[in-house]
Amino acid sequence: MGKRVGIVGVGQTHHAAHRLDASGVELIAEAVTRCLDDAQITLEDVDAIVIGNMDHFENINYVDMWATDGLGSCMKPVFKVTTGGTTGTTVGGAAYYSAASGMFDVVMGVGWEKNSESDTQAAIATCAHPVLERDPFAGAIGPLATEYSMYMKAYGATEEDAAIVAARDRNNALNNPYAHNRMAVTVEDVMNSPMLSYPVKFLDMCPRSDGACAVIFAVEEKAKKICDKPAWIHASVVRHDYTHFGDLEWQWMPTLERATLQAYKYAGITNPVKEFDVAELYQPCATTGVKWLDSMWFCERGQGPKLIRSGATHMDGIIPINPSGGVVATNPIGATALIRVAEAAWQIMGRAGDRQIPNVKKALATGFGGCSWSDVFVLGADLP
Amino acid sequence: MGQTKYETGKRETFHELVWEVANKALKDAGITVKEIDNVVSISSDFWDGRTISSMAISDTSGAYDKDISTVEGDGTFGVLYGMMRILSGSFGTTMVVAHHKGSESDMAGITNTCFDPLVERKLGLDAVTSSALQARRYMTVSGGTEEQFAMVSVKNHGNAMRNPFAQLPMDITVEDVMASEMMSSPLKKLDCSPVSDGAAAVVLAAERNAKKLTTNKKRVWLNGVGHYTDAYRLGDRDLADTRALKKAAKKAYEMAGVTLDDIDVAEIYDAFSYMEPLWLEGLGFCEDGQGPEQIERGKFTFDSELPVNPSGGRLSANPVQVAGLAGMIECVLQCRGEAGRRQVRGAEIALAHGINGMCGQSHCVWVLGK
Chain A
209 MGKRVGIVGV GQTHHAAHRL DASGVELIAE AVTRCLDDAQ ITLEDVDAIV IGNMDHFENI
269 NYVDMWATDG LGSCMKPVFK VTTGGTTGTT VGGAAYYSAA SGMFDVVMGV GWEKNSESDT
329 QAAIATCAHP VLERDPFAGA IGPLATEYSM YMKAYGATEE DAAIVAARDR NNALNNPYAH
389 NRMAVTVEDV MNSPMLSYPV KFLDMCPRSD GACAVIFAVE EKAKKICDKP AWIHASVVRH
449 DYTHFGDLEW QWMPTLERAT LQAYKYAGIT NPVKEFDVAE LYQPCATTGV KWLDSMWFCE
509 RGQGPKLIRS GATHMDGIIP INPSGGVVAT NPIGATALIR VAEAAWQIMG RAGDRQIPNV
569 KKALATGFGG CSWSDVFVLG ADLP
Chain B
403 MGQTKYETGK RETFHELVWE VANKALKDAG ITVKEIDNVV SISSDFWDGR TISSMAISDT
463 SGAYDKDIST VEGDGTFGVL YGMMRILSGS FGTTMVVAHH KGSESDMAGI TNTCFDPLVE
523 RKLGLDAVTS SALQARRYMT VSGGTEEQFA MVSVKNHGNA MRNPFAQLPM DITVEDVMAS
583 EMMSSPLKKL DCSPVSDGAA AVVLAAERNA KKLTTNKKRV WLNGVGHYTD AYRLGDRDLA
643 DTRALKKAAK KAYEMAGVTL DDIDVAEIYD AFSYMEPLWL EGLGFCEDGQ GPEQIERGKF
703 TFDSELPVNP SGGRLSANPV QVAGLAGMIE CVLQCRGEAG RRQVRGAEIA LAHGINGMCG
763 QSHCVWVLGK
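Protein sequences appear in the order of chains A and B.
Start counting at 1 in the first sequence, then tack on 208, and there's your number in this note's numbering.
Start counting at 1 in the second sequence, then tack on 402, and there's your number in this note's numbering.
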């Protein structure tokens, strides 16, 4: 059977809308260098590397080859994975399995994106079927607006509920020096921001960021030597849905329901709201911060708004969500999901600075991507 | 395992190609899609002209409600990840599937984007022109000639005559290769692999699962693998130096516990004729610089001690993402004794090889067999 694996180091860039000071390779190098420093190891200690991003954003083919200088992968094993928005957790999964397989002891996963060099929405639009679905589902906002409209109608959720989430995450980002958008906003500010696509408003929606993130996974024997408090992987689960948007269930998220259910089973979680100390969730729009809670078994179906309004998910709540500011504050797409894993790991390692939740024993991280791909990581302070 | 016939201008869409090979692979393994617990697809947003290219084939690969991941690169790297997922203990039976439609792609434009956007891309470098530089460097270092490279093309197209899946079975001579259209000196058209469409799939199973399968097919084991990357910029490498391949091969041989003499048949990544002798040097089958001469001596023909590319190789069909996986499938057929008229007698241990990036920047070497 496989080996137990822990995260022993995390590094990320200072994310921004335009990192004119750094090329893509330099962004990667910044994250890799900080990650090695965080783990207090050198490149020589890294046995293998996995990288991911979304090709069409920067128009670089074979990124795993192009990034060699930034990754430090010359004369090392490297391969590339990519799955759209979930790319970061796909990278995390591939690095985790590489170590758990016994093939490599120390594996670094790197996700990155330089969105300032891309036409992000145009590139995303090409994921939809060219004849049947590219027009109605172009870009990321349309599908998110559609699903929240349906949720509002079905369960009485409101635009204000999403605004509470947007204000929560954006204010949390003030505590995160790496976050891209760091601004104090109120629920009224969110409600008054320009409408993008009803009911999604400007401050509900994630930005496009330049940035990179690196995470080092190590097998048990090594992890214990490298790190006094590794964040152990308790579960890594992915669920995928149909190919066509029109085939999807829009009122809830079957992939997230099934992925979390499986992950909780692996990790022995029966009451997620109580048992998790913190959650870093890939919620690309504040509306999903309301709607997807029931699909993660945080509440009964349709009860997301109640949970949000109660304040349970704020920094001082029973289950703080996105202390980092989450995706609405920072979104270098190929890195975004890996940042969720990285931030969850830092919370367990006690290295989350001003956004640290005290005494984190169990943390949840998710990834979301095109066509309702759901990735779930459960991390723990204790060995699985 | 399952594969399509490789040809150009296929009318089937990506997901139809994947449907065909996924079903062939399931049938070959004697299981249904229910018994597949995870999928690794291999696709490229560039070659497919579609963001999240794996999304287009998820339904037909059987990934609905399953744990699926996507490797971008050669199929050999997809098998590597599929195997590691099983070794992690998280999965028991993995579908690995790759597809490619070169006929819907623009090879020069797509491989141009592999190069640094500020300097090298502007020079017009692509897979053919950069490989021409590598071929020229290899000739300088080894003393190899264009005629010797042409012999690889003659051999492999000839081998393809015995392979019903190959795109370009051809009975040609060195003169035919030499007289074919110049693409980028010293590479002529018949030194280059064709534009191909096709798909391939394999089902991997953990030992505990593989032994339970009811199929009467012989199980072929993944015994060793190694993958290493060289420097990115062509100018940072000696293009005739195969150090990354040497490291990958050493690791694969050690893991499999084999020596070169144990290997009965090899499928090498011959996207261009000169690559076969160059990679054979890296794999240790001849001394550095001796590749072209050994080709001329017929050391790697179908009737030799070590038949190389009995399928006809990439020169006879090169569906890029699929190419290395097709080579692995050929190795499986050889080890099972199911390779028909191209069966290498007594083949028990086979070597498969795939590359990523330009001029073989990254290599993946597999040892398969009993």
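Don't be surprised by glycine CBs; every beta carbon is placed ideally from N, CA and C.
- In the structure shown, Leu592 (chain B) adopts helical secondary structure according to DSSP, grouped into three states.
- Under the 10 Å beta carbon count, Glu238 (chain A) is surrounded by 16 or more other beta carbons and is classified as buried.
- Checking the DSSP bridge columns, you'll see Cys243 (chain A) has no partner listed.
- Contact with chain B is found for His448 (chain A), since one of that chain's Cβ atoms lies less than 8 angstroms from the residue's Cβ.
- Secondary structure note for Met657 (chain B): its alpha helix (DSSP H) is the uninterrupted segment 645 to 658.
- DSSP places Ser582 (chain A) within a strand segment (E or B) once states are collapsed to three.
- Approximately 17 angstroms separates the beta-carbon atoms of Val299 (chain A) and Leu489 (chain A); this is outside 8 angstroms, ruling out the contact.
- According to the DSSP secondary-structure assignment, Met584 (chain B) is paired through a beta bridge with B:Lys590.
- Following the DSSP letters along the chain, one finds Arg548 (chain A) inside the alpha helix (DSSP H) bounded by residues 541 to 557.
- Under DSSP, Lys614 (chain B) forms no beta bridge with any residue.
- If you look at Ser533 (chain B), you'll find it in the alpha helix (DSSP H) that goes 529 to 544.
- Chain A has no Cβ within less than 8 angstroms of the Cβ of Ile444 (chain B).
- Nearest in C-alpha terms to Glu341 (chain A), of all of B:Ala458, B:Asp508, B:Ala633, is B:Ala458.
- According to DSSP, Arg447 (chain A) shares a beta bridge with A:Ser582.
- Spanning the alpha carbons of Gln511 (chain A) and Thr521 (chain A) requires a straight line of approximately 13 angstroms.
- In this structure, the alpha-carbon of Gln745 (chain B) lies about 16 angstroms from that of Val622 (chain B).
- Per the coordinates, the alpha-carbon of Met580 (chain B) lies some 21 angstroms from the alpha-carbon of Asn711 (chain B).
- The beta carbon of Gln723 (chain B) does not come within 8 angstroms of any beta carbon belonging to chain A, so the residue lies off that interface.
- In the three-state reduction of the DSSP assignment, Gln692 (chain B) falls in the coil class, being assigned neither a helical nor a strand state.
- DSSP places Ile757 (chain B) in the strand class (E or B) of the three-state scheme.
- Scanning the region 231 to 282 of chain A from its first residue to its last, the whole alpha helix (DSSP H) runs of 4-plus residues come out as 232 to 247, 263 to 266, 271 to 274, 276 to 279.
- Look at Phe585 (chain A): its C-beta is not under 8 angstroms from any C-beta on chain B.
- Of all C-beta pairs linking the region 736 to 752 of chain B to the region 434 to 447 of chain B, fewer than three are shorter than 8 angstroms, placing the two stretches out of contact.
- With respect to Asp272 (chain A), Gly628 (chain B) sits apart: the two C-beta atoms are not nearer than 8 angstroms.
- Chain B places no beta carbon closer than 8 angstroms to that of Arg509 (chain A), leaving this residue out of the contacts.
- Under the DSSP assignment, Gly628 (chain B) falls in the beta strand (DSSP E) whose first and last residues are 623 to 631.
- Under the three-state reduction of DSSP, Val315 (chain A) is assigned to strand.
- Contacts between Arg487 (chain B) and chain A, judged by CB atoms closer than 8 angstroms, involve Tyr305, Ser309 in chain order.
- Contacts between Lys468 (chain B) and chain A, judged by CB atoms closer than 9 angstroms, involve Val446, Arg447, His448 in chain order.
- 8 angstroms or more divides the Cβ of Leu428 (chain B) from the Cβ of Val604 (chain B).
- The Cβ of Ala465 (chain B) sits closer than 8 angstroms to at least one Cβ of chain A.
- With the rule of 3 Cβ pairs closer than 8 angstroms, the region 301 to 315 of chain A counts as touching the region 242 to 255 of chain A.
- Between the C-alpha atoms of Asp412 (chain A) and Gly293 (chain A) there is a straight-line separation of about 18 angstroms.
- By the neighbour-count criterion, in which 16 or more other beta carbons inside 10 Å mark a residue as buried, Lys412 (chain B) falls on the buried side.
- Where Val442 (chain B) is concerned, the enclosing beta strand (DSSP E) starts and stops at 440 to 444.
- By the neighbour-count definition (other C-beta atoms within 10 Å, threshold 16), Arg743 (chain B) is an exposed residue.
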